[in-house]
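Heads up: the structure comes next, in structure tokens.
There are 2 protein chains.
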Amino acid sequence: MTSHFALDARLQQDCHLLGRLPMSHLLLVDKAEVPWFVLVPETVEIELCDLDARAQATLQDETNRVARFVRAAFPITKLNVGALGNIVRQMHVHVIGRRDDDPWWPGPAWGQPSAGGYRAEQVAEIGARVARELGGDYRAA
Amino acid sequence: MTSHFALDARLQQDCHLLGRLPMSHLLLVDKAEVPWFVLVPETVEIELCDLDARAQATLQDETNRVARFVRAAFPITKLNVGALGNIVRQMHVHVIGRRDDDPWWPGPAWGQPSAGGYRAEQVAEIGARVARELGGDYRAA
Chain W
518 MTSHFALDAR LQQDCHLLGR LPMSHLLLVD KAEVPWFVLV PETVEIELCD LDARAQATLQ
578 DETNRVARFV RAAFPITKLN VGALGNIVRQ MHVHVIGRRD DDPWWPGPAW GQPSAGGYRA
638 EQVAEIGARV ARELGGDYRA A
Chain D
518 MTSHFALDAR LQQDCHLLGR LPMSHLLLVD KAEVPWFVLV PETVEIELCD LDARAQATLQ
578 DETNRVARFV RAAFPITKLN VGALGNIVRQ MHVHVIGRRD DDPWWPGPAW GQPSAGGYRA
638 EQVAEIGARV ARELGGDYRA A
């Protein structure tokens, strides 16, 4: 963990910062069609396979926790979990809850047009649910 | 590991079976635009977050090995790693080597049109490289 970690500008622009787990900052992508979260671990590595075993296990655990939250908190058909990074190179892991009636189903969520984002009170409400469900070592932003 | 494991029919249709690691079968997606591999772990779970810690660690290790192979064996810009499963529900993890001059860059590879697949000798050549590089507990199909 570095105290000089800076969240990528594009992620800041496209997402709402909700809070953080021990390793990762947790963001909500501002596309209200589906519950779409992003974990940004504090690392300078770009590829998952370059994390050491301990960091990889921690990130996996945090990803599990967010995935289980998404499944419990939203009516979803399938979780989509991925690390792409073709546009934003800073390591980040997507956890997306997909429904078989969402506008992009069954295609991938990435790169799809969005009708727009969340109202401030919706972001606050989702943030409160995350804080309640992740609990413990989660810190709201 | 069950001895009754059956690879999903759609995966069989869309991919070449190359071999297997201790937990996962290794497939090559028949879209020659990019090096695109799929690991299919022998499990009845659908979501990564439902694997127990040991299974998750094994799958992560096998995914790392394939990811490092892709990066070493092909001229790529970025690895894309993901588990979606909107169409094929059987758990599978994609490891895709993307180039900034591939036809789909920087969008996701999933759902894109492909000009076609590999010739048999290309599949054999890639399979031989996989076997040489993964070595050890990898078994060619």
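Line by line, the protein sequences are chains W and D. Under the numbering used here, the first residue of the first sequence carries the number 518, and numbering increases by one thereafter. Under the numbering used here, the first residue of the second sequence carries the number 518, and numbering increases by one thereafter. The beta-carbon is built from N, C-alpha and C at its ideal position, and this holds for glycine as well. Only a predicted model underlies this, so the values are computations on that prediction, with no experimental measurement involved.
CB contact below 8 Å: residue i versus chain W
| i | result |
| --- | --- |
| Pro558(D) | no |
| Trp553(D) | no |
| Ile593(D) | no |
| Arg539(D) | Per the sequence presented here, residue 539(D) reads as Pro, with Arg not at that position. Answer no: the Cβ-Cβ gap between Pro539(D) and chain W never drops below 8 Å. |
| Leu534(D) | no |
| Ala637(D) | no |
| Val647(D) | no |
| Val598(D) | yes |
| Gln577(D) | yes |
Three-state class that DSSP yields for residue i in the structure shown
| i | result |
| --- | --- |
| Arg649(W) | helix |
| Ile613(W) | strand |
| Asp525(D) | coil |
| Ile657(D) | Looking at the sequence itself, residue 657(D) is Ala, so the reference to Ile does not match. Reduced to three states, the DSSP call for Ala657(D) is strand. |
| Gly536(W) | strand |
| Val561(D) | coil |
| Ala641(D) | helix |
| Leu568(W) | coil |
| Asn597(W) | strand |
| Phe586(W) | helix |
| Asp531(D) | helix |
Any chain D beta carbon closer than 8 Å to residue i
| i | result |
| --- | --- |
| Gly653(W) | no |
| Pro630(W) | no |
| Pro623(W) | yes |
Same chain only: Cβ atoms within 7 Å of residue i, ignoring 5 sequence neighbours per side
| i | result |
| --- | --- |
| Thr580(W) | Leu556, Val598, Val610, Val612 |
| Asp619(D) | Glu550, Val551 |
| Asp531(W) | Val546, Asp547 |
| Ser631(D) | Lys548, Glu550 |
| Asp525(W) | Val605, Gln607 |
| Asp654(D) | Leu538, Pro539 |
| Thr560(W) | Leu568, Ala572, Met608 |
Same chain only: Cβ atoms within 6 Å of residue i, ignoring 5 sequence neighbours per side
| i | result |
| --- | --- |
| Leu565(W) | Ala600 |
| Ala590(D) | Arg646 |
| Pro592(D) | none |
| Thr575(W) | Met540 |
| Gln639(D) | none |
| His521(W) | none |
Listed by chain order, chain A residues near residue i by CB distance under 7 Å
| i | result |
| --- | --- |
| Arg615(W) | Note that chain A does not occur in the displayed structure, where the protein chains are W and D. |
Other residues of its chain near residue i: CB distance less than 8 Å, five sequence neighbours each side excluded
| i | result |
| --- | --- |
| Trp621(D) | Glu550, Val551, Arg615, Gln629 |
| Glu650(D) | Phe586, Ala589, Ala590 |
| Thr594(D) | Arg615, Arg616, Asp617, Trp622 |
The region 564-575 of chain W: which residues have C-beta closer than 8 Å to a C-beta of chain D, in chain order? Glu564, Leu565, Cys566, Gln573, Ala574
Under 7 Å, CB to CB, which of the residues in the region 600-611 of chain D have a partner in chain W? Ala600, Leu601, Gly602, Asn603, Ile604
For the region 579-590 of chain D, which residues have a CB atom closer than 7 Å to at least one CB atom of chain W, in sequence order? Asn581, Ala584, Arg585
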